[in-house]
Amino acid sequence: MVIYPPNNSRATFDKPKWATQDTTKHQPAQFEAFDPAEAYIYHTGEMDNNTLENTPEISDSVIEAKVDNTQVKFIKADTEFMYTWRGVVRSQ
Amino acid sequence: MPTLLQQAMTLLVGDQPKRLSSPQKTTTRPLKKLTDRQLIKLESEIGRTLFGEIPTGRTREFFCLDNDTWIWHEEWKDSNGKEKSQTVRYEIHPNGILKVEDGGKNYNFLKGQELMNLALATRMYRERVMRELYKRDPKTGALLTTEPSTIPQVAHE
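Here the protein sequences come in this chain order: C and X. Going by our numbering, the first residue of the first sequence is number 241, and it counts up by one from there. Going by our numbering, the first residue of the second sequence is number 329, and it counts up by one from there.
If you want it as structure tokens, here you go:
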């Protein structure tokens, strides 16, 4: 079984030796013995699998702003709910 | 002594039930008659407890005033016995929550931990006021109990 590298990696692999052999003319006994260690040759690239090229770093201030925006949305939702509910209580 | 006919009727239709006194009128929506101000006062009784124990000699109010404003208000007496008070308005604006103090002299948009604290307070307010005052589910508004008998009476002003 050939194991393929992760999609975002820069790894390459070579075809296993047995894939290049012509299996139509030779008897099974004449094939080279299968060596699992040589089933594929996996070369790791220069970059780590988890590193993507040209991805900008997200600054802490941007993250804080996003968190603050979320808190504001929560506060708005609770405020609107309470105000609306009070109106419902008085109108029913 | 009952006649034979009366005895037969009793066997057929049973004893006449005793007439019950007219049932007391129960109010299913006691909060309906209250004004906005009275409802806010009731809500604030819960709101003031969200921030822990109130120091002796201080009074505190915290409530949702309207669709855009929360109010924090405290009163106390200083060492000279002079009455002091502080009111903070949290105004909801499209670009954030504006904290207004000292009658508008100081104002700044909340951020960071203080903003998170207010978000927690408003969420706790909603949870507790809906459950404890209105007896309703804080998410859906569905009734939690059929006998809201613990709703306190408010002295009409």
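Where is the CB? At the ideal position from N, CA and C, for every residue including glycine. If you're wondering where the values come from, they're calculated on a predicted model, not measured in any experiment.
{"Check": "Is the region 308 to 317 of chain C touching the region 409 to 429 of chain X, taking contact as three or more C-beta pairs under 8 Å?", "Outcome": "yes"}
{"Check": "Keeping to the same chain, check which residues put their C-beta closer than 8 Å to that of Asn423/X; ignore five residues upstream and five downstream.", "Outcome": "Phe437"}
{"Check": "Are Arg456/X and Leu472/X close, meaning C-beta to C-beta below 8 Å?", "Outcome": "no"}
{"Check": "Any beta carbon of chain C sitting closer than 8 Å to that of Leu370/X?", "Outcome": "no"}
{"Check": "In angstroms with no decimal places, state the Cα-to-Cα distance between Glu403/X and Asn309/C.", "Outcome": "32 Å"}
{"Check": "Quick one: what does DSSP say Ser407/X is sitting in, helix, strand or coil?", "Outcome": "coil"}
{"Check": "Just verifying my parser: in three-state terms, what is the DSSP assignment at Arg326/C?", "Outcome": "helix"}
{"Check": "What separation, rounded to the nearest whole angstrom, lies between the Cα atoms of Lys369/X and Val307/C?", "Outcome": "32 Å"}
{"Check": "Using a Cβ-Cβ cutoff of 9 Å, what residues of the region 293 to 311 of chain C are near chain X? List them in chain order.", "Outcome": "Glu304, Ala305, Val307, Asp308, Asn309, Thr310, Gln311"}
{"Check": "Rounded to the nearest angstrom, what separates Ser413/X and Lys433/X at their Cα positions?", "Outcome": "15 Å"}
{"Check": "Could you tell me which chain C residues have their CB closer than 7 Å to the CB of Thr450/X, listed as they occur along the chain?", "Outcome": "Ile315, Asp318, Thr319"}
{"Check": "State the CB to CB distance for the pair Leu367/X and Val329/C, rounded to an integer number of angstroms; the pair is presumed to be in contact (CB under 8 Å).", "Outcome": "7 Å"}
{"Check": "Just the Cα atoms here: how many angstroms apart are Lys467/X and Thr387/X?", "Outcome": "30 Å"}
{"Check": "Can you name, in chain order, every residue of its own chain whose Cβ lies under 8 Å from the Cβ of Tyr323/C, other than the five neighbours on each side?", "Outcome": "none"}
{"Check": "Using only the alpha-carbon positions, how far apart do Pro358/X and Ser301/C sit?", "Outcome": "49 Å"}
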